[in-house]
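These notes are about the structure you will find just below.
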Amino acid sequence: MSRAAANGIHIEYETFGDPPARPLLLIGGLADQLIHWDDDLCRDLSRRGHYVIRFDNRDAGLSTKFDQAAVADLGALTRREKSSPPYTLDDMADDAVGLLDALGIRKAHICGASMGGMIAQTVAIHHPSRVLSLISIYSTTGNRDLPPTKPEMMELLLAPAPPEREAYIEHMVALFKAMAGPGFTFDEAWTRMITARAYDRCYCPEGTGRQLLAVM
């Protein structure tokens, strides 16, 4: 893995394949680390002719943390009170473009999942000349006319994550299972494995709270 200076911060990233191949930038979701983009998936994409770049968003993994910012008041979200996030999705989109700049990549296929899909859409809106194609996975446009998030899901999202390793893993498995919904197969073994890896690599619930404020 490597580190790049991008948009005034440091971004931890990893690549698969050769730079002359078609660039594919993978943007993770809320609290995701670059390892949430499965190793086998990244290797397979590189074998299919892509130069794959996965990275830690700000406030996640080994990228810059905004610990100097005030602790996120997630209760304000449930009370529908206005909050002032320390950064926005626009800033996170600029991070992604800054990483492309650091790697000398003029244009790339941009793929994002969940919050990463929102960031990818923001890249396409503000930096259209940098986008070869846009893939937005289980994400949203943020249109106010769309159905709101179910209350029980918001309760899970806003629930504080336990600091103890095993309790944290159980908490995240329950959250991901609820997010998967009843119509899709849920791989609990993989979820437990990747959650344990993520916890050991970097446990930063405060960063997740700040990311959530940026989304909302």
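Under the working numbering, think of the first position of the sequence shown as 3, with each following residue one higher.
Even glycine gets a Cβ: it sits at the ideal position worked out from N, Cα and C.
All values derive from a computational prediction rather than experimental measurement.
Margin query: Buried or exposed for Glu-157, going by 16 or more other Cβ atoms inside 10 Å?
Written below: Here residue 157 corresponds to residue number 155 of the sequence shown, with the count starting at 1. It is exposed - the Cβ of Glu-157 has fewer than 16 other Cβ atoms within 10 Å.
Check: Taking the DSSP output, what are the residues bridged to Ala-115?
Finding: Here residue 115 refers to the residue found at position 113 when the sequence shown is read from its first residue. DSSP lists Ile-139 as partners of Ala-115.
Check: Considering only the beta carbon of each residue, do Val-125 and Ala-169 sit closer than 7 Å?
Finding: Here the question's residue 125 lines up with position 123 in the sequence shown. Here the question's residue 169 lines up with position 167 in the sequence shown. The answer is no: Cβ separation not under 7 Å.
Notebook entry, point to check: Can you tell me whether DSSP reads Thr-90 as helix, strand or coil?
Noted result: On the sequence shown, position 88 is the one that residue 90 refers to. Three-state DSSP puts Thr-90 in coil, outside helix and strand.
Notebook entry, point to check: Looking only at C-alpha atoms, which of His-129, Met-195, Leu-160, Ser-135 sits nearest to Asp-93?
Noted result: Here residue 93 is taken as the residue at index 91 of the sequence shown, counted from 1. Nearest C-alpha to Asp-93: His-129.
Note to self: Please identify the residue among Lys-67, Gly-118, Leu-159, Glu-16 whose C-alpha is closest to the C-alpha of Ala-176.
What the structure shows: Here residue 176 corresponds to residue number 174 of the sequence shown, with the count starting at 1. It is Leu-159 whose Cα lies nearest to the Cα of Ala-176.
Next item on the list: Return the first residue and the last residue of the beta strand (DSSP E) that His-12 is part of.
Entry: Residue mapping note: residue 12 aligns to position 10 of the sequence shown, counting from 1. Looking at the DSSP string, the run of the beta strand (DSSP E) that includes His-12 is 11-18.
Next item on the list: For the beta strand (DSSP E) containing Leu-158, list its first residue and its last residue.
Entry: Walking along the sequence shown from the start, residue 158 turns up at place 156. That residue, Leu-158, is in no beta strand (DSSP E); its alpha helix (DSSP H) goes 153-160.
Check: To which residues of the same chain is Gly-63 closer than 7 Å at the C-beta, ignoring the five residues directly before and after it?
Finding: By 1-based counting over the sequence shown, the position of residue 63 is 61. Result list for Gly-63: Glu-14, Gln-35, Leu-36, Arg-203, Cys-204, in chain order.
Item checked: Straight-line gap, Arg-212 to Pro-87 (C-alpha atoms, nearest Å) -> Locating residue 212 in the sequence shown gives position 210, where the first residue counts as 1. Locating residue 87 in the sequence shown gives position 85, where the first residue counts as 1. The straight-line gap from Cα to Cα measures roughly 7 Å.
Margin query: Measuring only the C-alpha atoms, how far is Ile-107 from Ser-48?
Written below: For this step, residue 107 is matched to residue 105 along the sequence shown. For this step, residue 48 is matched to residue 46 along the sequence shown. Roughly 16 Å between the two C-alpha positions.
Margin query: Quick check on Ser-65: does DSSP put it in helix, strand or coil?
Written below: Here residue 65 is taken as the residue at index 63 of the sequence shown, counted from 1. Reduced to three states, the DSSP call for Ser-65 is coil.
Next item on the list: Check the DSSP bridge columns for His-52 and list the partner residues they point to.
Entry: Reading the sequence shown from its first residue, position 50 is the one you call residue 52. Bridge partners of His-52: Arg-24.
Checklist line | Identity of the residue in Gly-100, Pro-165, Phe-68, Leu-91 nearest Gly-209 by Cα | finding: The residue you call residue 209 lines up with position 207 of the sequence shown. Taking only the C-alpha atoms, the option nearest Gly-209 is Phe-68.
Check: How long is the line joining the alpha carbons of Ala-16 and Arg-50, rounded to whole angstroms?
Finding: Start at 1 with the first residue of the sequence shown, and residue 16 comes out as number 14. Start at 1 with the first residue of the sequence shown, and residue 50 comes out as number 48. Strictly speaking, residue 16 in this sequence is Glu, with Ala absent from that position. For Glu-16 and Arg-50, the distance between alpha carbons rounds to 18 Å.
Next item on the list: Could you name the residues that DSSP lists as bridge partners for Ile-196?
Entry: Counted from its first residue, the sequence shown places residue 196 at position 194. Bridge partners of Ile-196: none, in fact.
Next item on the list: Counting only the same chain and skipping the five closest in sequence on each side, list residues whose C-beta sits under 7 Å from that of Leu-32.
Entry: Position 30 of the sequence shown, counting from 1, holds the residue named residue 32. Around Leu-32: Ser-116, Met-117, Thr-210, Gln-213, Leu-214, Val-217.
Check: When the cut-off is 7 Å and only beta carbons count, does Gln-70 lie next to chain D?
Finding: Although the question refers to chain D, the structure presented lacks it and comprises just one protein chain.
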